[in-house]
Structures are given as structure tokens and as C-alpha cells.
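**Q** Here the sequence shown is numbered in my numbering, starting from 1 and rising by one per residue.
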Amino acid sequence: MLRNLHSSLREVFKLITEDLRKDLHGLGAGTEALVDKTDELCVAHTEMLNRMAKMETEHLNLVGKFADMEDRLRRNNITLRGVPEYVFQEELPQHLMSLFKFLLLSVADADLLIDRTHRGPKPRGLAADIPRDIIVRLHYFHIKEAIPQAHRKAPDLLEYLRGISLIINLSATTMAKRREFVNTKKMQ
Numbered sequence: 001m002l003r004n005l006h007s008s009l010r011e012v013f014k015l016i017t018e019d020l021r022k023d024l025h026g027l028g029a030g031t032e033a034l035v036d037k038t039d040e041l042c043v044a045h046t047e048m049l050n051r052m053a054k055m056e057t058e059h060l061n062l063v064g065k066f067a068d069m070e071d072r073l074r075r076n077n078i079t080l081r082g083v084p085e086y087v088f089q090e091e092l093p094q095h096l097m098s099l100f101k102f103l104l105l106s107v108a109d110a111d112l113l114i115d116r117t118h119r120g121p122k123p124r125g126l127a128a129d130i131p132r133d134i135i136v137r138l139h140y141f142h143i144k145e146a147i148p149q150a151h152r153k154a155p156d157l158l159e160y161l162r163g164i165s166l167i168i169n170l171s172a173t174t175m176a177k178r179r180e181f182v183n184t185k186k187m188q
């Protein structure tokens, strides 16, 4: 009877251990598949991050090239702020010509060519009494460069020219880079 019991227990243990061995083997195969899949996902994720970094670099290069093209198109532009609204569009070229002649006394009238002038759109939130900016495209670059220099050096402006500020017309990207550069210089 003891032998019978012993052999039956042995059979039961053998069946249990076989079932456990099958379960462990199944778990091992499943775990191995999960590890392989995790490795594949890690490699794919790393490749995606590398591609994203490359695309970000290319994007920044394209933004820089686009800003450079935009700045080249705006190269001869000056923005004037503070010219009263009662100076109408038809009168703008003569009004601006008198300002430029006053600032650049030594320049010939033939060099003071204005290709176009127009008022910019009114920004939201700008008070009604503040005049819109005027964008002026000058024909010659050296004249465009001389006007802000003369404006800074002009001792006494005529009464109707006071309050007018000249702004170099650059792209938003270039202006943001300049602000960032100024902040970096301040930190040093």
C-alpha cells in the first residue's frame, strides 16, 4: 500500500512538474518575444529621434534661409513711425522727400528716389490717435543707410518732423535673433 501510494504520488508530482515545466517554457518564450519586441521598439524610437533631430536642424536652416530672403527683399525698406494720419497717401512721397532732403542736405535729388510708399495696417489694440507706420522703399541702398544715420545725428528737427522715428525694416525672425543676441550679451 505504501508502495502504491508512493508510486501514485510520484506520478502526480511528475504530472505537476511537467505542467509547470510547460508553463515555464511558455512564459520563457513569451518573455523572449516581449524582449525582442521591446528591442525593436527601442531601435525604432532611437531612429525616430535621430530623424526628428535632423529634421529640426533642416527646419532651422530653412527658416534662416527664408528670413535671409525676406531681409533681402526688405533691404531698401525703412519704416517711419509717427507721421500723422492727415498726410494722405497721395501726399506721402512729397512729405517724405522733404524729410529726406532735410536730413541729407548733400545728396542730389536724383539719388533720392522713392520706389513706393504705403501705410501699414493698423495693429489691433493700437489707440485711434496713434498713426499707422509708413513703409518706404528707397531705390538706392546707400541712401537707405544714410537716412537713419543722419536722423540720429540731426540736432534740431523741424517742428513737423519731431516725433518721427525711423526703423530698419527686417523680418520677424531676424528681429527675434537680434533680441536673443542682445540678451545673451547682457548675461555675459
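In this text, a Cβ means the ideal position worked out from N, Cα and C, and glycines have one as well.
Would the stretch 92–107 and the stretch 50–69 be scored as touching if the rule is three or more Cβ pairs under 8 Å?
**A** The stretch 92–107 is not in contact with the stretch 50–69.
**Q** Sort T57, T117, P121 and F181 by Cα distance to H95 and report the nearest one.
**A** Here residue 95 refers to the residue found at position 95 when the sequence shown is read from its first residue. Minimum Cα distance to H95 is reached at T117.
**Q** For D71 and S171, what's the separation of their Cα atoms in angstroms?
**A** Against the sequence shown, residue 71 aligns to sequence position 71. Against the sequence shown, residue 171 aligns to sequence position 171. Their backbone Cα atoms lie some 6 Å apart in a straight line.
**Q** Starting from the C-beta of L92, find all residues in its chain whose C-beta is less than 6 Å away, skip the five residues before and the five after it, and write them out in chain order.
**A** In the sequence shown, the residue the question calls residue 92 occupies position 92. Only T117 meet the Cβ criterion.
**Q** What are the boundary residues of the alpha helix (DSSP H) that H142 is part of?
**A** The residue labelled residue 142 in the question sits at position 142 within the sequence shown. Residues F141 to K153.
**Q** May I ask whether a heavy atom of the ligand NAD can be found less than 8 Å away from the beta carbon of N61?
**A** Absence of the ligand NAD is noted for the structure shown, with no ligands found whatsoever.
**Q** Using the C-alpha atoms, what's the distance from L41 back to M175?
**A** On the sequence shown, position 175 is the one that residue 175 refers to. On the sequence shown, position 41 is the one that residue 41 refers to. In a straight line, the C-alpha of M175 is about 42 Å away from that of L41.
**Q** Are the Cβ atoms of L80 and I130 separated by less than 9 Å?
**A** For the purposes of this step, residue 80 is taken as residue 80 along the sequence shown, with counting starting at 1. For the purposes of this step, residue 130 is taken as residue 130 along the sequence shown, with counting starting at 1. Taking 9 Å as the Cβ cut-off, L80 and I130 do not qualify as a contacting pair.
**Q** What separation, rounded to the nearest whole angstrom, lies between the Cα atoms of L73 and R137?
**A** The residue labelled residue 73 in the question sits at position 73 within the sequence shown. The residue labelled residue 137 in the question sits at position 137 within the sequence shown. Whole-angstrom Cα-Cα distance: 10 Å.
**Q** Which residues in the same chain as V87 place their Cβ atom closer than 7 Å to its Cβ, once the five residues preceding and following it in sequence are excluded?
**A** Walking along the sequence shown from the start, residue 87 turns up at place 87. Once the five neighbours on either side are set aside, the close Cβ partners of V87 are H95.
**Q** For the beta strand (DSSP E) containing N77, list its first residue and its last residue.
**A** As a position in the sequence shown, residue 77 is number 77, starting the count at 1. Taken as a continuous stretch (DSSP letters only), the beta strand (DSSP E) holding N77 covers N77 to R81.
**Q** So, using beta-carbon positions, are D109 and Y140 closer together than 9 Å?
**A** Locating residue 109 in the sequence shown gives position 109, counting from the first residue. Locating residue 140 in the sequence shown gives position 140, counting from the first residue. It is not a contact, given that the beta carbons lie outside the stated cut-off.
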